[in-house]
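For the sequence shown, the residue numbers in full-length UniProt numbering are 1 to 450.
Backbone N, C-alpha and C define an ideal beta-carbon position, used for all residues, glycine too.
For reference, the structure discussed in these notes is given below.
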Amino acid sequence: MSAHATAQPMTAHKSGPLSGTASVPGDKSISHRALVFGAMAVGETKITGLLEGQDVLDTAKAMRAFGATVLQHGPGVWSVNGVGVGGFQEPADVIDCGNSGTGVRLIMGTMATTSMTVTFTGDASLRKRPMGRVTDPLSLFGTQAYSRKGGRLPMTVVGAANPVPVRYALPVASAQVKSAILLAGLNAPGQTVVIEREPTRDHSERMLLGFGAQLSVEKTSEGNVITLTGQPELRPQTVAVPRDPSSAAFPVCAALIVEGSDIFVPGVSQNLTRNGLYLTLVEMGADIEFQNPRTEGGEPVADLRVRFSDNMKGIELPPERAPSMIDEYPILSVVAACSNGKTVMRGVKELRVKESDRIDAMARGLEACGVRIEEDEDTLIVHGMGAGGVPGGATCATHIDHRIAMSFLVLGMAAKAPVSVDDASPIVTSFPIFEGLMTGLGATLRAGGQ
């Protein structure tokens, strides 16, 4: 089933050397948050480098529905005139978040402590994803949620008329859940505390401080203890969105496995809560240079020089690295298939509740391309076949998942025989220029199946 009315198959053929500059779009996580925090500030927030993928556009539409003025002034250049903390108006219609788990969970947090009733829905993929992990802690503020079986969308959320502050220890590492609680805490009196045993991406904390919230992070034996003082007046900001490390992963990994490649990827976020893939690739023997490190928009960034690496070795990843690269395991499994030896990925059960069951989707597709796989509920093991050793030749199911689609198309650029995906349409949710960027580097991508 497609994110569009009809599926859009695509096929990747074995490529010659990739070369040139890969200017990937703005960071999706930061783009969502820039719109949401801008809507909760008083005055005009200016944003440059905003990712204009469908997920982020759906969040922009939602912020308009809550009363903020959200305008596009040019490619990646937007402004948000916010209504202040607690100033949201009740939307006149259902909030459709499309394919975005980040969008729906952040937006639920923004309205959870304001007296209003909002119904949320999404596409077929999003309607399968569990929302109880967000609505359960939000209920502690006094919020109520009504949904179909399993806590899934469509869901109606009734905001707390008289919210109380919350202290909550995250049972699973999730930046989305953490952010939803902090957003809800903005409109609750007193101090809201979130405890995370394992660090997750910290964009919300960085951005809250930039917008003027009173927030502290203390490292304790329990983990990170994040304390937010509620009911501030957030002040508007100028937000420069760095380039998305999760999107950059696709041209980076393609260059590593396509013989003779040498590409340049400028301005990629190097946030320590997001760089697990790059650390892993270097450990595997990838030829990546991190040039011109600097800070942009409050985030560390660097330019990447990436060259074909034919001697990469499989490794065993520590489970505690998972939160810093949870979205990158699909493309890492492709690199692992093109490396020598066994790559063991443990602590990855969170992949089973993303846009699809990503462990199963990658395992079945890689097996169809001739790669030996082992898996259990929390583990994926890929037996590498070396550079240029993957047979390919399969059509892989994407399950309406953008990262699955892009991962298998990258595999097709290095496999012996073409690799097709049954539906490339979900790619627009996060990386709308993927096809043009990759073909500009020299990849051969064609619409249609094999």
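Specify the secondary structure class of residue i as computed by DSSP and reduced to three states.
i	result
residue 283	helix
residue 196	strand
residue 148	strand
residue 14	coil
residue 166	coil
residue 316	strand
residue 438	helix
residue 182	helix
residue 402	helix
residue 209	helix
residue 348	coil
residue 4	Unreliable placement is indicated for residue 4, whose pLDDT of 48 sits below 50; no coordinate value is reported for it.
residue 157	strand
residue 456	Since the displayed the chain opens at 1 and closes at 450, residue 456 lies outside it and no answer follows.
residue 448	coil
residue 139	helix
residue 433	coil
residue 35	helix
residue 20	strand
residue 59	helix
residue 443	coil
residue 386	coil
residue 328	helix
residue 392	strand
residue 126	helix
residue 272	coil
residue 132	helix
What residues match up with residue i in a beta bridge as DSSP calls it?
i	result
residue 290	304
residue 95	120
residue 228	192, 215
residue 42	83
residue 47	78, 239
residue 64	DSSP, once it has assigned bridges, lists no residue as partnering residue 64.
residue 334	Residue 334 is not bridged to any residue.
residue 71	79
residue 342	383
residue 411	Partner(s): none; residue 411 has no beta bridge.
residue 52	For residue 52, which the question treats as bridged, DSSP gives no partner whatsoever.
residue 299	296
residue 277	In DSSP, residue 277 forms no bridge with anything.
residue 106	None; residue 106 has no bridge partner.
Quick one: give me the first and last residue of the alpha helix (DSSP H) that residue i is part of.
i	result
residue 420	Residue 420 -> not in any alpha helix (DSSP H); beta strand (DSSP E) instead, spanning 419-421.
residue 381	Counting along the chain, residue 381 falls outside any alpha helix (DSSP H), though it belongs to the beta strand (DSSP E) covering 379-383.
residue 201	Premise fails: residue 201 is in no alpha helix (DSSP H) and is neither H nor E.
residue 256	245-257
residue 267	Note, residue 267: premise wrong, no alpha helix (DSSP H); beta strand (DSSP E) at 262-269.
residue 221	Segment: none, residue 221 is in no alpha helix (DSSP H) and carries neither H nor E.
residue 359	358-368
What does the Cβ neighbour count give for residue i, buried or exposed, with the cut at 16 atoms within 10 Å?
i	result
residue 168	buried
residue 21	exposed
residue 1	Because residue 1 carries a pLDDT of 38, less than 50, the predicted location of this residue cannot be relied on, and the following value inherits that uncertainty. Exposed, by the Cβ-count rule.
residue 441	buried
residue 275	buried
residue 439	exposed
residue 149	exposed
residue 59	buried
residue 443	buried
residue 106	buried
residue 71	exposed
residue 425	buried
residue 376	exposed
residue 291	exposed
residue 374	exposed
residue 230	buried
Provide the residue span of the beta strand (DSSP E) that contains residue i, from first to last.
i	result
residue 374	372-376
residue 113	Segment: none, residue 113 is in no beta strand (DSSP E) and carries neither H nor E.
So residue i packs on residue j, CB below 8 Å; how close in whole Å?
i	j	result
residue 418	residue 12	6 Å
residue 358	residue 404	7 Å
residue 68	residue 112	Rounded, the Cβ-Cβ distance is 17 Å, inconsistent with contact.
residue 379	residue 345	7 Å
residue 348	residue 322	6 Å
residue 183	residue 110	5 Å
residue 269	residue 245	5 Å
residue 152	residue 178	With a Cβ gap of about 21 Å, residue 152 and residue 178 do not count as contacting.
residue 49	residue 240	6 Å
residue 131	residue 115	Residue 131 to residue 115, Cβ: 21 Å. No contact.
residue 133	residue 193	Wrong, their Cβ atoms sit about 18 Å apart, outside the cutoff.
residue 261	residue 19	7 Å
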